[in-house]
Amino acid sequence: MTRAAVFPGSFDPMTNAHLDVARRASTLFDRLVIGVLNNPKKKPLFDIDERVDLIRRCVADLGEHVTVDAFDGLTVDFAQRHRAGFIVRGLRAVSDFEAELQMALTNRKLAPDVDTTFLMTALEYGFVSSSLAKEVAQFGGDVGPMLPPPVAEALTERLRAGPRV
Ligand code: PNS
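Numbered by our numbering, the letters in the sequence shown go through residues -5 to 159 in order.
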């Protein structure tokens, strides 16, 4: 029996906390599909193709059993399309728990055959979030400890180029 999981998120952009969760999940599952949500209601800094491409570069060394795919709609539908029985989410702190519990219970109601598993983010990344990294970068701070090198580079470049219209 092979175990497959999806790791869904906005990933705008992928952080070291996300990468740490992806790395550890990649050792637990036979197949891991990182799902990048294409949410038309949100205006991300990086478009869907850029986010997928950045993640692919970050996870290139995790093995061929780790893939990246964009999705829209429900996470459970994405999981079922990929024949994955598990959803992986990272928990950084207790503050993440309430929203994650609500999502996990909603997903279980929608698809009882898809279970959510949580991985604790490594202590050194407990403070890291995509939105804070973007704010730090915007004001010229060092995002090196927060972001994988390709992402830090892309973010600096994007902010240097100015907002896109
Ligand atoms: O990185 P994020 O923004 O915390 O990820 C949130 C995400 C993408 C996992 C969540 O918003 C999601 O699953 N969206 C897809 C829509 C869905 O399935 N909603 C019902 C379950 S909450």
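Cβ coordinates follow ideal geometry from the N, Cα and C atoms, glycine included.
Cβ-heavy atom distance, residue i to ligand 3, below 7 angstroms
| i | result |
| --- | --- |
| S125 | Ligand 3 is absent from the structure shown, which contains only ligand 1. |
8 angstroms Cβ cutoff met for residue i and residue j
| i | j | result |
| --- | --- | --- |
| T9 | L153 | no |
| T61 | N101 | no |
| A(-2) | R25 | yes |
| V30 | I42 | yes |
| E94 | R83 | yes |
| A98 | Q74 | no |
| L113 | V0 | no |
| T115 | R86 | yes |
Top-ranked residue by Cα proximity to residue i, from the options
| i | options | result |
| --- | --- | --- |
| S125 | V0, R(-3), L39 | L39 |
| V145 | P2, E44, N33, A155 | E44 |
| P2 | D71, D107, P106, K35 | D71 |
| F57 | A64, I28, K36 | A small fix is needed here, since residue 57 is Gly in this sequence, not Phe. Closest by alpha carbon: I28. |
| P7 | K37, I49, Y119 | I49 |
| V88 | T(-4), A127, G120 | G120 |
| P34 | L22, S123, S4 | S4 |
| E118 | A11, E147, P143 | A11 |
| P139 | Q96, M(-5), L13, T(-4) | L13 |
| H59 | D107, K103, L22 | L22 |
| R51 | G156, D90, E147 | E147 |
Range covered by the beta strand (DSSP E) that runs through residue i
| i | result |
| --- | --- |
| A131 | Element bounds for A131: not the beta strand (DSSP E) but the alpha helix (DSSP H), 124 to 132. |
| F80 | 80 to 85 |
| T111 | 109 to 114 |
Beta-carbon contacts of residue i that lie in its chain and below 6 angstroms, excluding the five residues immediately before and after
| i | result |
| --- | --- |
| D109 | F80 |
| V130 | V137 |
Extent of the continuous alpha helix (DSSP H) to which residue i belongs
| i | result |
| --- | --- |
| T69 | 69 to 75 |
| F91 | 88 to 104 |
Own chain, CB closer than 8 angstroms to residue i, minus 5 neighbours either side, in chain order
| i | result |
| --- | --- |
| N32 | I42, A64, F65, D66 |
| T150 | A131, V137 |
| S20 | L26, V53, L56, G57, H59, V60 |
Residues of its chain near residue i, where Cβ-Cβ distance is below 7 angstroms and the 5 sequence neighbours each way are ignored
| i | result |
| --- | --- |
| E92 | none |
| T(-4) | D24, R25 |
Tell me the start and end of each unbroken alpha helix (DSSP H) in the segment -2 to 60 that is at least 4 residues and wholly inside, in chain order.
10 to 22, 42 to 52
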